[in-house]
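Those protein sequences? They're chains D and C, same order as listed.
Start counting at 1 in the first sequence, then tack on 3, and there's your number in our numbering.
Start counting at 1 in the second sequence, then tack on 3, and there's your number in our numbering.
Number of protein chains: 2
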Amino acid sequence: MKVIPLGTSSGKPTLKRTVSAVAVVREGEWLLLDCGEGTQMQIMRAGLSPSRLVSIFITHLHGDHFNGLSGLLSTMGLDRRARQLVLAGPRGILEYLDTLARLKILFVNFPLDLQEFTEPERGAKGYRRERTRMGEWPPGDPRGLPVADAVPIETPASVYEGQAYRVSALPLDHRIFAVGYRVEERPRPGVFNIEKARALGIPAGPLFGRLQSGQDVQLAGGLVVHPSDVLGPERKGKSIAYCTDTRPFAASVELARDADLLIHEATYTEELVREADEYGHSTAAQAARIAREAGARRLLLTHFSSRYTDLGPLLDEARSIFPNTSLAQELVEVDV
Amino acid sequence: MKVIPLGTSSGKPTLKRTVSAVAVVREGEWLLLDCGEGTQMQIMRAGLSPSRLVSIFITHLHGDHFNGLSGLLSTMGLDRRARQLVLAGPRGILEYLDTLARLKILFVNFPLDLQEFTEPERGAKGYRRERTRMGEWPPGDPRGLPVADAVPIETPASVYEGQAYRVSALPLDHRIFAVGYRVEERPRPGVFNIEKARALGIPAGPLFGRLQSGQDVQLAGGLVVHPSDVLGPERKGKSIAYCTDTRPFAASVELARDADLLIHEATYTEELVREADEYGHSTAAQAARIAREAGARRLLLTHFSSRYTDLGPLLDEARSIFPNTSLAQELVEVDV
């Protein structure tokens, strides 16, 4: 997997920074975390194709994480997308899309698989997932679309199960209901041991591929070979956690547990720790403590207040606690 | 007045062009025509201050003219704007803002003077204006805000009367209800004739200013001097028409009558005249014919289809009909 930060500014854009969005790219397909204003332009600049975007995960409905959604969806509509798009985030997205479609602001003619999460009750750790039936939006008249299958969710809960990766989510601690995500690659098959295969008398060719994809094969002499006979142990997939906007919070540690990369907001330096708490944000030092506690391998800071033209102090602050920290730079790829 | 195109792309942005928005700047204050995604970034790049923005006029609610509104309003909210903002456009804006405020997408804490226009009945030329009471939005709970003072409007109708300029509007001919605008500077006082003033015995100083601002003055000897005694004929203000999105239409001619500048959409060249008609747009040649028929002094083409990387053919086509034509270039000022 690789990560491409598309927007790194908190609240409003600056001349140098766009508001929140991150692309996670895996083998030609990609997913989008948040969609602030200007995301579709950043997608073009990053050379990503909207037609290969399979899912969008929204952390919360503040405009700086969400205002680009309408334009991006409409552009995919204009480009005659036919493929379904998964869209998940806090409850309110359906009402938003319905209003925009009714007012003709939005042009969407491809199926959306919309999942909305509702805020946990006070004291409860989990949240409810409400799933609109797949492919039902947009209907002829978007008003009154039933939201079906409200399911109470245990935490940490899977919110997306794709072929290549799975995504789980937990509520964060912000001014409004916000959700953090963990993206995990599916485990990959173990390394194919050609020596062992030859020793068993398997001819090189299609049988190798069948074993690699997990199927038993029968040889001409009648011997049945199982994948475990020729494959090493299953290789663990890479994992990414995305935690914004939030105060430092236990759920972020849980999402980032042993992750290869934690992308965490760092709106302020420690000098403004009170403002961070008041507005539901984290300092760079707090982000670093989350990364350390979670045992994450690497920390990528993002969501910088527009007051900072020089981000050096945020980086220094975090590195003093968690050395393997970088600043998210827009359109600069991070290999995971 | 000067005009700064902020976005010139039709439907979706390209790597070179942003979606629709135009700034009209006059003596430090300015107004905004349309507000596509990315407008607040273009405002920064143009060096314009959102705090000096006095009014926003929306032509229609298609996202490429409208999706930047939420971010721009929220940024003014974050910047603690206190001054009222005039916001006018087709009906639906109030419902949109109410939905966004309820979902916490939008953060607005300054008074909006919102005017909504409703589509004329079939065959009628005018439209209805519905005016929300000034300063009432955003209220504590934005739901259920009464929309007051629905007034049937004759055409062409004034929709804004400011100190420096007035704005009038007419319905255009697009796929959905769209409105064109005419911005006119207030007439300026005539040239002050110092020779005449001296001959009348008026001492240089504050009395000059009072006469210039239209007040009578009484001299020490008892003589009353009227402004018309020392001022030349009133000087006509400059005027701009903004017509997008629309098929070629009589209302555009009316809005652009004798205007100093007509900003007209030119989505396609004549080769695609059928597509233009089908989607409710104009070709460059059609825009030029509108400018010629209206007796406009200058034509500025905008709203270019993303299929054109070279806009030369659109310019050539329009100039063959109306020679004083230019292409709108983003962030390049046009003096009026």
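Where is the CB? At the ideal position from N, CA and C, for every residue including glycine.
Distance, residue j Cα to residue i Cα
| i | j | result |
| --- | --- | --- |
| Glu284 (chain D) | Arg250 (chain D) | In the sequence under discussion, the amino acid at residue 284 (chain D) is His, which differs from the Glu named in the question. Looking at the two C-alpha atoms, the distance is approximately 5 Å. |
| Gln218 (chain C) | His229 (chain C) | 7 Å |
| Arg86 (chain C) | Gln43 (chain C) | 18 Å |
| Gly224 (chain C) | Gln215 (chain C) | 21 Å |
| Phe60 (chain D) | Thr62 (chain C) | 32 Å |
| Ala299 (chain C) | Ile266 (chain C) | 10 Å |
| Ala200 (chain D) | Gln221 (chain D) | 13 Å |
| Thr121 (chain D) | Arg94 (chain D) | 5 Å |
| Ser323 (chain D) | Tyr311 (chain D) | 19 Å |
| Gly14 (chain D) | Gly80 (chain C) | 11 Å |
| Asp82 (chain C) | His68 (chain C) | 23 Å |
| Arg238 (chain C) | Val194 (chain C) | 8 Å |
| Leu303 (chain C) | Pro53 (chain C) | 24 Å |
| Leu175 (chain C) | Leu64 (chain D) | 34 Å |
| Glu164 (chain D) | Val186 (chain D) | 10 Å |
| Ser161 (chain D) | Gln118 (chain D) | 12 Å |
| Arg295 (chain C) | Ala181 (chain D) | 55 Å |
| Leu51 (chain D) | Arg48 (chain C) | 25 Å |
| Lys19 (chain C) | Gly71 (chain C) | 18 Å |
| Gly31 (chain C) | Val57 (chain C) | 10 Å |
| Arg260 (chain C) | Ala297 (chain C) | 4 Å |
| Met4 (chain C) | Tyr168 (chain C) | 10 Å |
| Val227 (chain D) | Pro206 (chain D) | 13 Å |
| Leu275 (chain D) | Asp313 (chain D) | 16 Å |
| Ser231 (chain D) | Gln166 (chain D) | 21 Å |
| Leu76 (chain C) | Pro114 (chain C) | 11 Å |
| Ala279 (chain D) | Val170 (chain C) | 44 Å |
| Ile46 (chain D) | Val233 (chain D) | 42 Å |
| Pro236 (chain D) | Leu264 (chain D) | 23 Å |
| Leu173 (chain C) | Leu258 (chain C) | 7 Å |
Assigned secondary structure, residue i (DSSP; H/G/I helix, E/B strand, else coil)
| i | result |
| --- | --- |
| Arg29 (chain C) | strand |
| Gln342 (chain C) | Given that chain C is displayed from residue 4 to residue 339, the structure contains no residue 342 (chain C) and the question cannot be resolved. |
| Pro93 (chain D) | strand |
| Ala104 (chain D) | helix |
| Asp338 (chain C) | strand |
| Phe307 (chain D) | strand |
| Val233 (chain C) | helix |
| Thr42 (chain D) | helix |
| Leu265 (chain D) | strand |
| Ile197 (chain D) | helix |
| Gly238 (chain C) | Looking at the sequence itself, residue 238 (chain C) is Arg, so the reference to Gly does not match. Arg238 (chain C) falls in the strand class under three-state DSSP. |
| Ile205 (chain D) | coil |
| Val22 (chain D) | strand |
| Pro174 (chain D) | strand |
| Gly165 (chain D) | coil |
| Ile293 (chain C) | helix |
| Leu109 (chain D) | coil |
| Arg185 (chain D) | strand |
| Glu119 (chain C) | strand |
| Ala85 (chain D) | coil |
| Arg301 (chain C) | coil |
| Leu317 (chain C) | helix |
| Gly283 (chain C) | coil |
| Gly212 (chain C) | helix |
| Leu34 (chain D) | strand |
With 7 Å as the limit, tell me which residues of the region 72-85 of chain D have their beta carbon closer than that to any beta carbon of chain C; keep them in chain order. Within the region 72-85 of chain D, those residues whose Cβ lies closer than 7 Å to any Cβ of chain C are, in chain order, Ser73, Gly74, Ser77, Thr78, Leu81.
I want to know whether the region 291-304 of chain C touches the region 326-333 of chain D - three or more CB-CB distances under 8 Å. With the cut-off at 8 Å, the region 291-304 of chain C and the region 326-333 of chain D do not touch.
Select from the region 96-108 of chain D all residues with a C-beta closer than 7 Å to any C-beta belonging to chain C, and list them in chain order. Within the region 96-108 of chain D, those residues whose Cβ lies closer than 7 Å to any Cβ of chain C are, in chain order, Glu98, Tyr99, Thr102, Leu106, Lys107, Ile108.
For the region 178-204 of chain C, list every residue whose C-beta sits within 8 Å of some C-beta in chain D, in sequence order. Within the region 178-204 of chain C, the qualifying residues are Ile179.
Near-chain C residues of the region 8-20 of chain D - C-beta to any C-beta below 9 Å: Of all residues in the region 8-20 of chain D, only Gly14, Lys15, Pro16, Thr17, Leu18 come within less than 9 Å of chain C when Cβ atoms are compared, listed by chain position.
Using Cβ-Cβ distances below 7 Å, what residues of the region 297-326 of chain D are close to chain C? So the list is empty, because no residue satisfies the distance condition.
Report the residues of the region 45-61 of chain D with a CB closer than 9 Å to any CB of chain C, ordered along the chain. Residues Met47, Arg48.
Kindly confirm or deny that the region 98-113 of chain D and the region 93-111 of chain C touch, where touching means at least three C-beta pairs closer than 8 Å. Touching, yes.
Which runs of the alpha helix (DSSP H) spanning at least 4 residues fall entirely within the region 39-81 of chain C, listed in chain order? Considered as a whole, the region 39-81 of chain C harbours 42-48, 72-81 as its complete alpha helix (DSSP H) runs of no fewer than 4 residues, in chain order.
Contact list for the region 26-44 of chain C against chain D, Cβ threshold 7 Å: Only those residues of the region 26-44 of chain C whose C-beta falls short of 7 Å from the nearest C-beta of chain D are listed: Glu40, Gly41, Gln43, Met44.
Give, in chain order, every residue of the region 257-290 of chain D whose Cβ lies closer than 9 Å to some Cβ of chain C. Hits within the stretch: zero.
Could you check whether the region 307-321 of chain D touches the region 268-277 of chain D, counting it as contact only if at least three pairs of C-beta atoms, one from each stretch, sit closer than 8 Å? Touching, per the Cβ criterion.
Of all the residues that make up the region 224-247 of chain C, which are near chain D by a beta-carbon distance shorter than 7 Å? Listed by position along the chain: nothing, the set is empty.
Which residues of the region 207-223 of chain D have a Cβ closer than 7 Å to any Cβ of chain C? Give them in chain order. Flagged: no residues at all.
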